[in-house]
Amino acid sequence: MMKAVETISKPSGSPAARLAAGVNLERKNGSGMSGLGAYKEEIVALLRSGSPKNFVAKPYIVSEPTLYNFIEKHLLDVEPGLEEI
22 MMKAVETISK PSGSPAARLA AGVNLERKNG SGMSGLGAYK EEIVALLRSG SPKNFVAKPY
82 IVSEPTLYNF IEKHLLDVEP GLEEI
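Pasting the structure below:
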């Protein structure tokens, strides 16, 4: 039987040690953190088929404003009925 102590992840060291090792301690912030880029084609297809933006945002666990920011940042043409031929 495995001990509970072995399964708990250990911190990777003190912040001072990580900083001395050259690790960036800053938090990432701003656009690009949502992870929607991997689903770009799916999102465009859903929006072009006329799905509401709140319906599209829900499965990717992002807010509607985050989806709007993603569309604007990537200059996506997502008007319904504009299928590419």
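In terms of our numbering, the sequence shown is residues 22 to 106. Using N, Cα and C, we set each Cβ at its ideal position, and we do this for glycine too. Remember, it's a predicted structure, so these values are computed and weren't measured experimentally.
- With respect to residue 101, residue 70 sits close: the two C-beta atoms are nearer than 8 Å.
- Secondary structure note for residue 88: its alpha helix (DSSP H) is the uninterrupted segment 85-94.
- Cβ contact annotation for residue 99 (same chain, cutoff 7 Å, sequence separation greater than five): 65, 68, 69, 92, in chain order.
- The C-beta of residue 77 has 16 or more other C-beta atoms within 10 Å across all chains shown, which makes the residue buried.
- If you ignore the 5 residues before and after residue 88, its C-beta comes within less than 7 Å of the C-beta of 74, 77, 78, all in its own chain and listed in chain order.
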